[in-house]
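These protein sequence lines map, in sequence, to chains A and B.
All residue numbers for the first sequence refer to my numbering, where the first residue is 1 and numbers rise by one.
All residue numbers for the second sequence refer to my numbering, where the first residue is 1001 and numbers rise by one.
Quick reminder that beta carbons are idealized off the backbone N, C-alpha and C, glycines included.
Everything numeric in this text was worked out from a predicted model, so none of it was measured.
Quick notes on the structure that follows.
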Amino acid sequence: MADHDDELEELGRTGGLTRREVVRRGLGSFVVLYSGALPKTAVAGVPKFRHRELKNSLRIMQWSHFVPAYDTWFDNVYTKKWGEKHDTEVSVDHINLAQLPARAQAEVAARSGHDIFGHLSPQAGLEDQVIDHREIVEEVQRKVGKVSTVGRKSCFNPKTKKWHGFPENFVPDPVHYRKDLFAQVGVKSPNTWHDVLVAAPKLKAIGHPVGIGMSNELDSNMALIALLQCFGGFIQDANARVTINSKGTRDALKFMQSLFKTGMTNEVFAWTAASNNQGFLSGRLALAMNAISIARSAEDQNPDLAKKTALLPIPKGPDRRLGLEHVMGVYTIWKFTSKPQQKLAKRFIADLEMGYASAFKNSKYYNFPAFPKAVFEYRKRLGADPHQPKGKYRILDTIARKYTVNVGFPGYSNAAVDEIFNTYLIPQMFAAVAQGKSTPAEAAKAAEQQMKKIFAKWRRLKKI
Amino acid sequence: MSWSNIRSNGLSYLVVGPFAIVLAFPFYWMLTTMLKTNGDLYNPENVPFKFTTVKGDPEGRSPTFDHVSFIFHHTNYVRWLENTAFVGALVVVITLVLAVPAGYALARLSGRLGQSVGVGIFLTYLVPPTLLFLPLSRVISKLGLQDRLWSLVLVYPSFTIPFSTWLLMGFFKTIPLELEDAALIDGCSRLKALWRVIFPISIPGILTVVIFSFSLCVNEFVYAISFISGSTHRTLSAGVPTDLIRGDVFFWQSLMAATLIPSIPLALLYNSFLNRFIAGFTGGAFR
């Protein structure tokens, strides 16, 4: 009552409009506008046949590609053409890459979902939920040649002889570095890890530290496993025996400890997958290990920075120069998908892979086909990219052919490696040493114990 | 205005002012970020709180509306807003229909058992969606509601109702029993007493439930991303991170715009009913 009286008095004084009244009218207008739009909301669900012309339907789930133009091409051009040819309504749904695992689990739990599910890493852990993709692999191999070693070792289980996924593409992982800053500190390029160690303190001193994450995220996983390899450290051997506790691992841990102390900052322990991109694109980081999303983003956002950015293969370590695929595009078909839909899905995947040149181009050379001969004249295509400095993307061909292996090399990307990857044991091992919580020997031993348990579990499940 | 008035008001502003600045600052940050060009935003030499046009910036002058218009022309943003409003409105109605009588019954008619049941109901609110989304996926699939907004309308009350019931329980307890007794003595049935006497007094509590339930629906993410995969059928909380975070590339300006725009009506809503909202939380029907 008292409020109402005050309001009446206020109206009398102010000529009819109080602050509260303005807000209420504004809100009322907003509600009216919203309500006007309500009938258009998607109450009825996804229409099965939009134009009632096409006989079949096919549903695909995959990540939102960092190149929006790729999704535009895939959703609106490629799938439409393929759909018309096969009398099929193809619908493509996208999701953020971080949500892919959760969404996959939801579809498995629901026993219902998309006909084709596109992952960004091999899914050995989902082997029991998916069909054997051998048929598609063999058909594509007959048409365009053998699958690459990285594709085979990522998606084939030598124990069960099952293809638990179809390797559609992989993404080479170059090192991005600032030519101008490295020149400023008197280091020509990060050709070896020793070069990086020499340059890092000088770069940090001029406000441009090196950026290699030691966090529970994808880029840290990839960079650190690759670094391990360069020093001769591996998670497993070719026979799926844990070999993490080795001299190579301890040397890599010591190296990273030195690199962190002299040339990096604490932020690397709290990074997300986007942090190294953002650090490099803001002009702060002098070096980052990432797929070409950094270089491509620089071309759009900061052309001046893009000109100063160069790409090289992973620096050479004392043992070798060997990197990983940054991500691997793997298509899977769930077992609970009906047989007719499985047939359609297999057809789609095979056709996409066999004509991969368009996908390669529309992804701005991010997606390399897992069947190398599906695209020809890589160097010519990469060299034709118009961005400055011209020809800088040719190095991706070298990286893809010579310096890219699967996670779990020299063994296969089995379920145990999958679990180790998804629980970030490698970044945690490096972080513990860099932060001074463990010595390299202690960290390697602790990692070995954890990994052996994981391998034992999957051996009991007869997946290794 | 007397000196003591100025002093007391000044002291209030001195205390409240810094809090207001700190709380409003993120909105200012969002507003400036959404209008910056890439060259301005990503240049560490630029002051982040003002606009600086960078020479040779392909986007031209900063500020720019390009990134704001991006969400309206290159994403299904308007559809996400509509979907969110639709789901939110329905869930609020369902919550009110179920939580108000439940809260009243537990507060008035259940004795000591009501108190325990009320706490038990509230505890279900504490079960996180990250545990429930897997079994609920199966339920949604069995009901044929995958990729439909009805899946969210069905599931969201599972966390809005427990919280709202518990909140209203506490609120109804603050209403004097004598008011109902008087109504009953005057010849009202229980239902009529509820409708004619209790509910009008309970407007603050009910409004609190409305605002909270709607906010919970707008902010919910796990179910939205698990049950709905098509972009046109998404709500805001699922659509924005899907389309505006691509791999490891964040479209920061568009993200800020996408999150600031729906904050405005929510802020208006809160402000509109501020007194009643506070009363809803603190209780008090004494007149």
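- Chain B places a beta carbon closer than 9 Å to that of A/Gln105, counting this residue as a contact.
- For a cut-off of 8 Å, the C-beta gap from B/Ser1213 to B/Thr1095 is around 5 Å, short enough to register as a contact.
- If you look at A/Gly207, you'll find it isn't in any alpha helix (DSSP H); DSSP assigns it neither H nor E.
- Under the three-state reduction of DSSP, A/Arg59 is assigned to strand.
- By the criterion of a C-beta distance shorter than 8 Å, A/Leu344 is surrounded in its chain by Asn56, Leu58, His86, Thr88 and Asp115, once the five residues flanking it on both sides are discounted.
- Cβ atoms of B/Thr1235 and B/Thr1084 come within 8 Å of each other, at about 4 Å.
- Contact of B/Leu1194 with chain A by beta-carbon distance below 7 Å is absent, the smallest such distance being about 22 Å.
- Taking a 10 Å sphere around the C-beta of B/His1067, we find 16 or more other C-beta atoms and assign the residue as buried.
- If you check the CB distance, A/Ala444 and A/Ser246 come in under 9 Å.
- Interface annotation, B/Thr1052: not in contact with chain A, CB-CB separation never under 9 Å.
- Ranked by how close their Cα comes to the Cα of A/Lys316, the residues A/Leu197, A/Gly211 and A/Ala273 have A/Leu197 in first place.
- Looking from the CA of A/Ser297, the closest CA among B/Val1016, B/Ser1002 and B/Gly1039 belongs to B/Gly1039.
- The shortest CA-to-CA distance from B/Arg1246 to any of A/Asn239, A/Gly186, A/Glu127 and A/Asn96 is the one to A/Asn96.
- In the pairwise beta carbon analysis, the region 203-212 of chain A is classified as not touching the region 292-312 of chain A: fewer than three pairs are separated by under 8 Å.
- Contact between the region 299-318 of chain A and the region 389-402 of chain A is established, with three or more Cβ pairs separated by less than 8 Å.
- Counting only Cβ-Cβ distances below 8 Å, B/Arg1138 has contacts in chain A at Ala109, Ala110 and Arg111, in chain order.
- Shown here for A/Val90: same chain residues with a beta carbon closer than 6 Å to its own, the five before and five after excluded, namely Leu58, Thr79 and Gly83 in chain order.
- Selection A/Arg250, A/Val407 and A/Leu100 evaluated against B/Ile1228 yields A/Leu100 as nearest (Cα-Cα).
- Contact between A/Val130 and A/Trp334 holds, with the beta-carbon distance rounding to 6 Å and staying under 8 Å.
- Where A/Ala310 is concerned, the enclosing beta strand (DSSP E) starts and stops at Thr309 to Leu312.
- At a C-beta separation below 9 Å, B/Leu1179 has no neighbours in chain A, since its nearest C-beta there lies roughly 16 Å away.
- Chain-ordered, the chain A residues with CB closer than 8 Å to the CB of B/Gln1146 read Ala110, Ser112 and Gly113.
- For the pair B/Leu1177 and B/Asn1271, the Cα-to-Cα distance works out to about 31 Å.
- Here the alpha carbon of A/Thr404 sits roughly 18 Å from the alpha carbon of A/Pro190.
- Taking 9 Å as the threshold, the shortest C-beta distance from B/Gly1120 to chain A does not fall below it.
- For A/Asn276, the enclosing alpha helix (DSSP H) starts and ends at Ser275 to Leu281.
- Taking a beta-carbon distance threshold of 9 Å, B/Tyr1042 counts as an interface residue toward chain A.
- Per DSSP, the beta-bridge partners of A/Trp163 are A/Phe156.
- Neighbours of A/Asp195 in chain B, taken as residues at a C-beta separation under 7 Å, are lacking, since the least C-beta distance is about 25 Å.
- When secondary structure is reduced to three states using DSSP, B/Phe1065 falls in the coil class, being assigned neither helix nor strand.
- Where A/Gly118 is concerned, the enclosing beta strand (DSSP E) starts and stops at Ile116 to His119.
- Around A/Gly355, the same chain offers Ala374 as residues with beta carbons nearer than 8 Å, after the five sequence neighbours per side are excluded.
- For A/Leu344, the closest Cβ of chain B is not nearer than 9 Å.
- When 8 Å is used as the limit between beta carbons, A/Asp304 is near these residues of chain B: Gly1056, in chain order.
- In the structure shown, the three-state DSSP call for A/Tyr365 is coil.
- Sequence-distant partners of A/Gly233 (beyond 5 residues in either direction) whose C-beta falls short of 6 Å from its own C-beta, in its chain, are Ser246, Gly248, Thr249 and Ala252.
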